[in-house]
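Structure record follows, encoded as structure tokens.
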RNA sequence: GGCGGUGUAGCUCAGCCGGUUAGAGCAUACGGCUCAUAUCCGUAGUGUCCGGGGUUCAAGUCCCUGCACCGCCA
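Residue numbers (this note's numbering): 4 to 523.
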């Protein structure tokens with residue numbers, strides 16, 4: 004059995020979800036769906052990060068308990084993910100009991116083996132960012148380089164995680180595992196950061212209470228990142244693993260794929276592997292650092308008022324339209340621009356005209372010329388067309404491993420064009436059903452189109468599960484997300500041959516998949 | 001300031017180890033079809049491949065340099 008563990012970051016509940024949250028999650032979902040479809044045992048985790056000073060403050064301002072705030076905010080993420088058809092296996096919250104236990108266990112273990120030690124921190128601190136700063140890194144006037152607010156001088160007791168001890172090991176690991184950090188240019192950034200030398204990381208705070216207390220020392224609360232990163236172990240059942248009752252734990256762990264935004268790569272590519280080293284566990288297989296979405300060329304920000312609520316897009320155009328846009332518009336790793344123009348073009352030209360219309364015209368012809376039946380084995384198939392689908396199938400696995408979504412979609416749409424062209428060129432509407440030769444030609448064309456559309460439905464399933472389901476409904480074939488169903492790309496051709504051998508009726512009616520967006 | 005990256009058709013980008021008339025999608029113009037969501041197909045393009053210098057029989061592709069933009073670190 005092949006294993007695949009994919010995670011999104013856990014999202015901080017001080018704000019409601021935006022396009023960026025949707026993006027990370029859709030990437031993970033697309034990968035998870037493909038792997039599941041290909042027969043992997045998949046565990047897909049997302050969730051919310053609920054501790055920390057910001058939450059405590061925001062809750063104070065609203066006059067409620069931090070947990071109440073988290074309870075109300077985490078639901079918004081769940082709702083969005085449900086709207087987007089995110090097929091997560093677990094939605095974790097850092098306030099979940101098993102997570103708190105994992106963090107405590109891990110902290111205690113590292114304290115015992117000396118990788119965590121108590122010491123004193125003296126220096127600069129940015130309270131809003133919960134970050135310790137070096138004197139040199141302060142910008143003019145003693146301000147935090149990240150947020151620009153004044154930093155304050157603090158002297159406090161703190162627990163530290165030894166990073167220097169594992170610096171060499173981390174460097175070796177990164178250099179010997181070429182696919183560890185994607186894309187490549189991010190790997191170079193991480194390498195140069197590590198090479199400059201790592202300072203031990205402060206992993207506790209005494210200035211607030213909303214967090215997991217340090218075991219045996221209630222004055223300290225565990226730093227949010229130390230807490231948050233461990234969610235990836237909690238989800239796999241870290242505690243039952245320690246009790247020797249979790250045989251899958253290590254298999255999933257070694258096939259871990261973290262999806263993160265470029266802003267939090269450092270935490271995942273430096274601190275997290277070191278935490279795992281210290282715990283005697285192996286680092287993730289890959290970390291994908293994706294780019295950010297700009298809005299009409301500008302960085303998203305609340306003050307500019309240009310934050311798009313993904314919920315609104317989904318309500319207007321459907322989950323699949325948003326999923327498709329997010330995954331096709333950006334070459335993975337780079338930033339992208341979200342603007343009405345490019346969204347409309349991708350929707351109208353790609354989804355409505357090319358794909359939607361292809362399905363629509365094929366269904367119409369099957370009904371008009373073949374009594375709504377896909378011809379069975381007595382009809383021929385056009386090998387040249389179907390071969391194109393097989394070529395695409397063959398390259399799929401490798402390209403998913405690179406998260407090359409834009410390229411995969413490009414090729415899927417190339418195949419869609421091939422099929423549109425094939426139909427135009429062979430012009431079934433000109434054939435005379437009463438002429439035997441025309442008749443067999445007609446059936447061959449219709450069958451080829453039907454089988455091709457089934458392939459297309461398979462191809463788009465990870466990207467647009469809802470549309471894939473609609474196409475399968477139209478064809479009267481079970482959807483790809485039936486529990487337990489899998490179809491390895493390598494087996495697809497045989498499977499299709501059997502499936503279409505006897506011929507069958509398609510649905511009597513089918514809906515327009517993507518109504519065109521019309522301009523006023 | 002240190003390290004790294006990018007600069008190619010109107011737009012977004014692809015061009016691996018240097019080698020025939022530099023590509024794709026979208027947008028534009030014209031033509032064809034009518035099964036289809038006024039959809040689909042075909043044809044036509046346009047480019048000082050950022051500027052300058054160099055290596056080579058041959059450079060968008062390698063080297064140096066200048067400019068512009070971006071990322072990480074400080």
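Where a beta carbon is used, it is the ideal one built from N, C-alpha and C, also for glycine.
Cβ-based burial, residue i [other Cβ within 10 Å; buried from 16]
| i | result |
| --- | --- |
| residue 343 | exposed |
| residue 477 | buried |
| residue 246 | exposed |
| residue 123 | exposed |
| residue 113 | buried |
| residue 188 | exposed |
| residue 2 | The shown model of the chain, from 4 to 523, leaves out residue 2, and the question about it has no answer. |
| residue 205 | buried |
| residue 46 | buried |
| residue 76 | buried |
| residue 65 | exposed |
| residue 469 | buried |
| residue 4 | exposed |
| residue 367 | exposed |
| residue 436 | exposed |
| residue 489 | exposed |
| residue 230 | buried |
| residue 181 | exposed |
Where residue i sits in the DSSP three-state scheme
| i | result |
| --- | --- |
| residue 303 | coil |
| residue 276 | helix |
| residue 179 | helix |
| residue 192 | helix |
| residue 292 | strand |
| residue 27 | helix |
| residue 309 | coil |
| residue 262 | strand |
| residue 136 | strand |
| residue 222 | strand |
| residue 251 | coil |
| residue 363 | helix |
| residue 5 | coil |
| residue 15 | strand |
| residue 125 | strand |
| residue 368 | helix |
| residue 464 | coil |
| residue 209 | coil |
| residue 502 | helix |
Whole-Å CB distance - residue i paired with residue j, under 8 Å assumed
| i | j | result |
| --- | --- | --- |
| residue 72 | residue 25 | Contact doesn't hold; Cβ gap of about 22 Å is too wide. |
| residue 237 | residue 102 | 4 Å |
| residue 453 | residue 377 | 4 Å |
| residue 389 | residue 517 | Not quite, the Cβ-Cβ distance comes to about 25 Å (not below 8 Å), so this is no contact. |
| residue 347 | residue 520 | 5 Å |
| residue 504 | residue 379 | 6 Å |
| residue 36 | residue 90 | 6 Å |
| residue 291 | residue 406 | 6 Å |
| residue 386 | residue 447 | No, residue 386 and residue 447 are not in contact; Cβ-Cβ is about 11 Å, not under 8 Å. |
| residue 56 | residue 483 | Contact doesn't hold; Cβ gap of about 45 Å is too wide. |
| residue 92 | residue 48 | 6 Å |
| residue 361 | residue 419 | 6 Å |
Cβ pair residue i, residue j closer than 8 Å
| i | j | result |
| --- | --- | --- |
| residue 234 | residue 13 | yes |
| residue 121 | residue 162 | yes |
| residue 94 | residue 81 | yes |
| residue 213 | residue 58 | yes |
| residue 357 | residue 427 | no |
| residue 272 | residue 335 | no |
| residue 294 | residue 339 | yes |
| residue 173 | residue 198 | no |
| residue 242 | residue 105 | yes |
| residue 509 | residue 463 | no |
| residue 194 | residue 170 | no |
| residue 412 | residue 331 | yes |
| residue 252 | residue 239 | yes |
| residue 207 | residue 226 | yes |
| residue 16 | residue 296 | no |
| residue 441 | residue 449 | no |
Residue i: CB within 7 Å of a non-hydrogen atom of the ligand COA
| i | result |
| --- | --- |
| residue 226 | Of the ligands one can find in the structure shown there are none, so the ligand COA has no counterpart to examine. |
(request) Could you say if the region 489–507 and the region 46–59 meet the contact criterion of at least three C-beta pairs nearer than 8 Å? (result) Contact fails: fewer than three Cβ-Cβ distances are below 8 Å.
(request) Assess, as a yes-or-no matter, whether the region 12–30 is touched by the region 324–335 under the definition of 3 or more beta carbon pairs within less than 8 Å. (result) The region 324–335 is in contact with the region 12–30.
(message) If contact is defined by three or more beta carbon pairs under 8 Å, each pair taking one atom from either stretch, is the region 366–381 in contact with the region 215–235?
(response) These segments do not touch.
(message) Pairs of beta-carbons, one from the region 282–294 and one from the region 247–259, closer than 8 Å: are there three or more?
(response) Output reads yes: the region 247–259 touches the region 282–294.
(message) Quick test of the definition: if touching needs 3 or more C-beta pairs under 8 Å, does the region 165–172 touch the region 101–120?
(response) The region 165–172 vs the region 101–120: in contact.
(message) Contact between the region 445–460 and the region 387–407 is defined here as three or more beta-carbon pairs at a separation below 8 Å; is this criterion met?
(response) The region 445–460 vs the region 387–407: in contact.
(request) Would you check if there are 3 or more beta carbon pairs closer than 8 Å linking the region 263–278 to the region 309–324? (result) No, the region 263–278 does not touch the region 309–324.
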